[in-house]
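Going by full-length UniProt numbering, 112 is the number at position 112 of the sequence shown; the sequence numbering is gapless.
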Amino acid sequence: MNSKRKIGESQVIDFFSAVLRDKFNDRYKKNEPISIGNFSGSQDRKFADFFAGTTSSNILIEFKEFENDYTKEWDKPLRQTLCQIIDADTAQFSRRCHFIAWRESGPEVQVSIAPYIDKVCPQYNTIPPLQAFNNIPHKDFINDFLDDKKGITPEEFKDYVKYMDDIAGGKQAGENVPFKSILYSYQDEEMVATYFKNPGELRSLITQLFPERKMKRKI
């Protein structure tokens with residue numbers, strides 16, 4: 001069996017998303033909401049392929065089918081700009097919330113994940129200096145995300161989304177930056193998927209759906 005057989009980037013995203021949902025539901029049953037987005041078009045160009053957010057932690061992930069495909073990011077003008085202008089403070093946010101992932105060779109699907117800027121940006125004379133890193137297996141990464149060891153708070157994430165939108169020439173302020181995705185929650189034992197169009201709308205939506213409890217962190 002050819003371990004390099006292509007299955008398509010979208011299949012890698014679907015696999016990761018399925019594992020994340022399964023782990024999330026095992027841990028929180030039907031008591032917590034989660035936002036998940038598989039981006040395309042302008043949102044893919046601005047942000048990444050994939051977004052996931054809980055009430056306390058948020059991440060962006062760019063997916064590739066194989067590790068060597070990460071060099072394709074060098075051809076994206078917005079990512080070139082990110083690598084060339086990112087400052088020390090934003091780099092720390094980025095390392096916590098913005099990642100790149102790929103499928104490892106082998107008959108079983110296994111995904112490795114790394115900080116986006118430290119994997120992609122060595123092509124450029126990047127300031128601040130990049131950092132050494134270890135690739136993280138998807139199982140460990142998902143556990144870290146659910147433990148709030150990976151990702152940034154909704155308030156911090158709003159600022160990072162604004163930063164990425166500004167690179168793309170966006171003009172919206174704060175919570176109004178276009179960032180469309182879906183919030184998944186349970187109502188009367190049924191899964192409900194609710195669309196939102198920006199971080200402010202997501203904050204209002206969670207407050208509306210869960211008025212009886214405090215959020216883990218301010219959103």
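All residues carry an ideal CB built from backbone N, CA and C; glycine is no exception.
Going by the DSSP bridge assignment, what does Y186 pair with across the sheet?
If you number the sequence shown from 1, residue 186 lands on position 186. Y186 pairs with M191.
Along the chain, where does the beta strand (DSSP E) that runs through S17 open and close?
Locating residue 17 in the sequence shown gives position 17, where the first residue counts as 1. No beta strand (DSSP E) holds S17; the alpha helix (DSSP H) holding it covers 9-28.
Exposed unless 16 or more other CB atoms sit within 10 angstroms - verdict on N134
Mapped onto the sequence shown, residue 134 falls at position 134. Taking all protein chains shown into account, N134 has fewer than 16 neighbouring C-beta atoms within 10 Å of its C-beta and is therefore exposed.
Please look up how many angstroms separate the CB atoms of I61 and N38, rounded, as I've assumed it's under 8 angstroms.
Looking up residue 61 in the sequence shown gives position 61. Looking up residue 38 in the sequence shown gives position 38. Contact flag wrong, Cβ pair sits at about 10 angstroms.
Apart from the five residues just before and just after T54, which ones in its own chain have a Cβ nearer than 6 angstroms to its Cβ?
In the sequence shown, residue 54 corresponds to position 54, counting from 1. Here the set comprises I34.
How about F99 and Y124: are their beta carbons less than 7 angstroms apart?
Your numbering for residue 99 matches position 99 in the sequence shown. Your numbering for residue 124 matches position 124 in the sequence shown. No; because the gap between Cβ atoms is not below 7 angstroms, this pair is not in contact.
Could you check the C-alpha separation between I142 and D69 for me, to the nearest Å?
Here residue 142 refers to the residue found at position 142 when the sequence shown is read from its first residue. Here residue 69 refers to the residue found at position 69 when the sequence shown is read from its first residue. About 22 angstroms.
For L60, which three-state DSSP category applies?
Position 60 of the sequence shown holds residue 60. Note: L60 maps to strand in three-state DSSP.
On a Cα-Cα basis, can you pick out the residue from F66, R96, C97, Q92 that is closest to S105?
Within the sequence shown, residue 105 is the residue found at index 105, counting from 1. It is F66 whose Cα lies nearest to the Cα of S105.
Let me know the secondary structure DSSP gives V111 once reduced to three states.
In the sequence shown, counting from the first residue as 1, residue 111 sits at position 111. Three-state result, V111: strand.
For L209, the nearest candidate out of N198, P199, K197, L183 (CA to CA)
In the sequence shown, the residue the question calls residue 209 occupies position 209. Checked all of N198, P199, K197, L183; the closest Cα to L209 is L183.
How would you write the range of the alpha helix (DSSP H) that F145 sits in, first residue to last?
Here residue 145 refers to the residue found at position 145 when the sequence shown is read from its first residue. Here the alpha helix (DSSP H) through F145 covers 138-146.
Bridge-paired residues (DSSP) for S181
Within the sequence shown, the letter at position 181 stands for residue 181. Paired residues: F196.
Boundaries of the beta strand (DSSP E) in which S40 is found, first to last residue
By one-based count along the sequence shown, residue 40 stands at place 40. Counting along the chain, S40 falls outside any beta strand (DSSP E), and DSSP gives it neither H nor E.
Thinking just about the alpha-carbon of each residue, which of A101, G151, Q172 is nearest to the one in P137?
In the sequence shown, residue 137 corresponds to position 137, counting from 1. Checked all of A101, G151, Q172; the closest Cα to P137 is A101.
May I ask you to report which of helix, strand or coil DSSP gives A88?
As a working note, residue 88 is residue 88 in the sequence shown. Correct three-state label for A88: helix.
What is the rounded straight-line gap between the Cα of W74 and the Cα of Q80?
By one-based count along the sequence shown, residue 74 stands at place 74. By one-based count along the sequence shown, residue 80 stands at place 80. For W74 and Q80, the distance between alpha carbons rounds to 6 angstroms.
Do you know how far the Cα of S94 is from the Cα of D118?
Here residue 118 refers to the residue found at position 118 of the sequence shown. Here residue 94 refers to the residue found at position 94 of the sequence shown. Rounded to the nearest angstrom, the two C-alpha atoms are 10 angstroms apart.
According to DSSP, is F133 helix, strand or coil?
Within the sequence shown, numbered from 1, the residue matching residue 133 stands at position 133. Reduced to three states, the DSSP call for F133 is coil.
What are the boundary residues of the alpha helix (DSSP H) that includes I117?
Reading the sequence shown from its first residue, position 117 is the one you call residue 117. I117 -> alpha helix (DSSP H) spans 116-120.
I need the boundaries of the alpha helix (DSSP H) containing I167, first residue and last residue.
Counted from its first residue, the sequence shown places residue 167 at position 167. Its alpha helix (DSSP H) spans residues 154-167.
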